[in-house]
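Taking it in order: structure first as structure tokens, then the write-up.
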Amino acid sequence: MKKSCKKHCTACNETNDLKKRSAILTSIPGSKDWIKRAAARAMMRGVGYKDEDFEKPLVCVASPYSDVSPCNAHIDQLAKVAEEFITQLGGRPYMFGTPVITDGETMGTEGMKYSLVSREWIADSIEMMSEAYAADGTIALSGCDKTIPASLMPLARNNSIGITLYGGTILSGSHKGKDLNIVSVFEAIGALSAGKITTEEFHEIECKSCPCAGACGGMYTANTMASALEALGMSVPGSASHPAMGRDGHVSNTKIDDVKRTADALFGLMKKGIRTRDILTREAFENAIVVVQALGGSTNAVLHLLAIAHEADIPLSIDDFETIGKNVPLIGNFSPSGDYMMEHLDEIGGIPMAMKMLISAGLIHGDCMTVTGKTIAENVKDAPDRPTDQDVIFSIEKPLAPAGKHIIIMKGALAEEGSVMKLSGKMLKQHKGPARVFECEDDAMTAILDGKIHHGDVMIIRHEGPKGGPGMREMLSPSSALVGAGLGKDVALVTDGRFSGGTHGIMIGHVAPEAVEGGTIGIVQEGDIIDINVEKREINIEVDKQILDERRKKYKAPDSPYIRGVLAKYRTLVGSASKGAVTS
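Using the numbering used here, you'd call the opening residue of the sequence shown number 476 and step up by one each time.
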């Protein structure tokens, strides 16, 4: 066999041993199929591969880059840095891109229907590129929220050797001494329509809310899912809270270090043969749910963790979020319902500090394996203790809200399979009011801005589910408009769509079955009394069963305009939101 390099060094021998899969694609010198794989190598030589590269492990770098979104505008830079570190470690990297649909930009438009769909498309793209090229290891980068679960789903699906890395949170903007973020803009829309701010102030908020690259800065879906993946053990410790950029407009040093640690960890996994499902155990998912509940995370975590568990063949149900959440106090004081951004958590120790607290309280499993080759407990043992002179993270003993007061699962006549509600510490016990029925988000938004929604109403937005939308759009525009108009505390919004991580108020989403699948939400009529009973965890409709049965017989799902293309494929394949809205 040819020598790996002129010096035939120990490092080359070590990396040769890691080329366990990609030899199928390129072969290795001296193998019986070396000649047979010549055409593949010839094409790879056309993009710069040399003789010695065919003896190195092939490492896939998934880069969901886009220059139209701040969430992912720097991901290409991280991918190039990853390639440099992989090369230094003796690997041969190859990079590819994936689609990116940014919720904050497409919100309230038909484009938003592609957002959840993109989770499947991104996951499938990573699977195709890592499996077709027989990668020996994979680094899956992520930024905007759908790219985060999508970075892990294919690794879980194929039990690959791989690791995920979040591109980082955006830094906050500022206006009149107050921190700004993207939700500030959505709420300003409602405030402007209600005459609470001027057009000049509105423009200032718009221009100053997103000062650089990075994903939305509160405990919205991106930061929630980055925290969840770190809790699962699938990303290096501390990486979830590190900002994407510094105030100087360059990628942060901490994020560059995350890339280096990620490459090092991947090679450790390759050497030890540790695969994704060795890490993604049932206990790991319980840890992730605890972290989401404790920090005040997005309801989208329910959808995404169910989907990842499905890919990993781990039994996890929507009811587990309720069962586990009953024991977890709310300690994170983060936007949208709290005061702080992810950058503030980073300043006091990040996710490792929070997980150290949760381990001490006996709320998470410290013995779960992680991508570092160490357990969660080993990873966080040197993390700082919670500082006492701050209110970003409350103590377990004196939490922001008691256990069971964040994400809860509501069932009842209007949501037989379940629905998801975010209390964020609110002590709401019950809300009862007349239904205001809208067949899509756009009509509901118009009604809010026109002043047609009143105190005590229960807005029903239907035909926005995974199949009915299709695509299960987020309702951040109407929910933020309600808050901006001063209606967030006493108008409820119920939908078979979902909500942004930036949503707060009396909001119930993921109603299942959805309208087009025969769910009761499809037969609610204007003026029906809707009873949201938080203590009973039920959402019911005060209409006789006989009348509901008659309505059900007459119900006809609206014809979908999507008869071909991506959305048509998706609505054919997608399952219930109560099971993660998966397509495989």
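Note that beta-carbon positions come from the ideal geometry of N, C-alpha and C, so glycine has one too. Model, not experiment: these values are computed from the prediction.
For residue i, three-class secondary structure by DSSP
i       : result
TYR428  : Lying outside 476 to 1059, the shown extent of the chain, residue 428 is not represented and no answer is given.
GLU949  : strand
LYS477  : Because the pLDDT at LYS477 is just 37, under 50, the model does not fix this residue reliably, and the value given afterwards should be weighed accordingly. Looking at LYS477 - three-state DSSP - the assignment turns out to be coil, as it is neither helix nor strand.
LYS1054 : helix
PHE809  : strand
GLY961  : coil
GLN552  : helix
THR845  : coil
HIS985  : strand
GLY721  : coil
CYS619  : coil
TYR815  : strand
LYS507  : coil
ILE868  : strand
VAL969  : strand
THR850  : strand
Of the listed residues the options, nearest to residue i (C-alpha basis)
i       : options                         : result
LYS801  : ALA769, ASP864, GLU580, PRO827  : ALA769
GLY1055 : GLY972, ASP654, LYS1029         : GLY972
TYR1037 : GLU1001, GLY946, SER1059        : GLY946
VAL986  : GLY908, THR622, ASN1015, GLN552 : ASN1015
VAL855  : LYS1029, HIS840, PRO790, ASP508 : HIS840
ALA888  : GLY993, PHE742, THR847          : GLY993
ALA548  : THR501, PHE796, VAL575, PHE571  : VAL575
PHE809  : ALA890, ASP733, ILE561, CYS691  : CYS691
LYS653  : ALA697, GLU606, GLY637, SER684  : SER684
ASN698  : SER714, HIS650, PRO686, ASP1006 : SER714
MET582  : MET603, THR756, GLY976, ASP860  : GLY976
ARG594  : ALA759, ASN634, THR577, PRO859  : THR577
VAL449  : VAL1041, SER1059, SER1051       : Outside the modelled stretch of the chain, which goes from 476 to 1059, sits residue 449, for which no answer is possible.
ILE883  : GLY900, GLU818, SER626          : GLY900
ARG757  : LEU781, LEU741, ALA890, ALA858  : LEU781
THR696  : LEU744, ASP814, LYS621, LEU741  : LYS621
THR584  : GLY944, LYS1011, GLN1021        : GLY944
Per-residue burial, residue i [other beta carbons within 10 Å of its own, 16 or more giving buried]
i       : result
ILE510  : exposed
LEU898  : buried
PRO539  : buried
ILE1060 : The requested residue 1060 is not part of the displayed model; the chain covers only 476 to 1059.
ARG1027 : exposed
SER506  : exposed
VAL543  : exposed
LEU1048 : exposed
HIS779  : buried
GLU949  : buried
GLN552  : buried
MET902  : exposed
PRO1033 : exposed
Contact under 7 Å by Cβ, residue i with residue j
i       : j      : result
ALA631  : GLY959 : no
ILE935  : VAL999 : yes
PHE661  : LEU957 : no
SER727  : PRO718 : yes
SER1053 : GLY893 : yes
ASN491  : GLU527 : no
ILE868  : ALA852 : no
ILE806  : PRO877 : no
SER502  : LEU533 : no
VAL658  : PRO811 : yes
PRO629  : ILE601 : yes
VAL536  : ILE614 : yes
GLY984  : THR970 : yes
ASP1019 : LYS907 : no
ILE597  : THR573 : yes
Where the alpha helix (DSSP H) containing residue i begins and where it ends
i       : result
ALA738  : 728-747
ILE826  : 825-835
MET518  : 513-520
HIS779  : 775-786
SER605  : 590-607
SER792  : Run containing SER792: none; DSSP gives neither H nor E here.
ALA703  : 696-707
PHE974  : Taken as a continuous stretch (DSSP letters only), PHE974 belongs to no alpha helix (DSSP H), as it is neither H nor E.
VAL765  : 757-770
VAL912  : Taken as a continuous stretch (DSSP letters only), VAL912 belongs to no alpha helix (DSSP H), being part of the beta strand (DSSP E) at 905-913.
ASP578  : 578-581
GLY893  : Note, GLY893: premise wrong, no alpha helix (DSSP H); beta strand (DSSP E) at 893-897.
SER659  : 657-668
MET920  : 916-924
LEU1042 : 1041-1048
Endpoints, the beta strand (DSSP E) within which residue i is located
i       : result
ASN1008 : 1004-1008
ARG567  : 567-572
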